[in-house]
Structures are given as structure tokens and as C-alpha cells.
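Residue numbering for the sequence shown follows our numbering, starting at 97 and increasing by one per position.
Worksheet: one structure, shown below.
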Amino acid sequence: MSSFALYLIGMIVVIGGLAYVAFLMHVPSQWIIAGAVVLLGLGIVGAVTHTRRRDPPES
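Structure representation (C-alpha cells):
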């Protein structure tokens, strides 16, 4: 499994946990969904940034 996939799976687990806690705290569902979408976007950007291969130096 690639590093990118592992990073995204971890991010989805974190988002799920935070959404569940927010649900238990009676946060309105539109805020839970909005937060999950924002965190998923940040997770994708972070995964791409951390797993991107460096360009080879030009000679």
C-alpha cells in the first residue's frame, strides 16, 4: 500500500473520530459536514505534499 493511501486512510479515521465527537456534543450536522469537507481537503493537500517525489535535478 502506498504512503499516499496510508496517509489518506489515517486522515479519514481522524475525520470520522472528530465527526463522531461533534455529533455527541450535539453540533448541528451542517457544521459537522462542512468541517469534514474542509479537513478532507486539507488531508488530500497534505498527502500530496508529503508523498510527492522530488523532481530530478536538471543538468
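Glycine included, each C-beta is placed from N, C-alpha and C at the ideal position.
Bounds of the alpha helix (DSSP H) holding M107 are S99 to L120. With contacts defined by Cβ atoms closer than 8 Å, T147 and F100 form a contacting pair. In the DSSP assignment, V134 falls within the unbroken alpha helix (DSSP H) covering S125 to T147. With respect to G139, L104 sits close: the two C-beta atoms are nearer than 8 Å.
I111 and I129 have their C-alpha atoms spaced approximately 10 Å apart.
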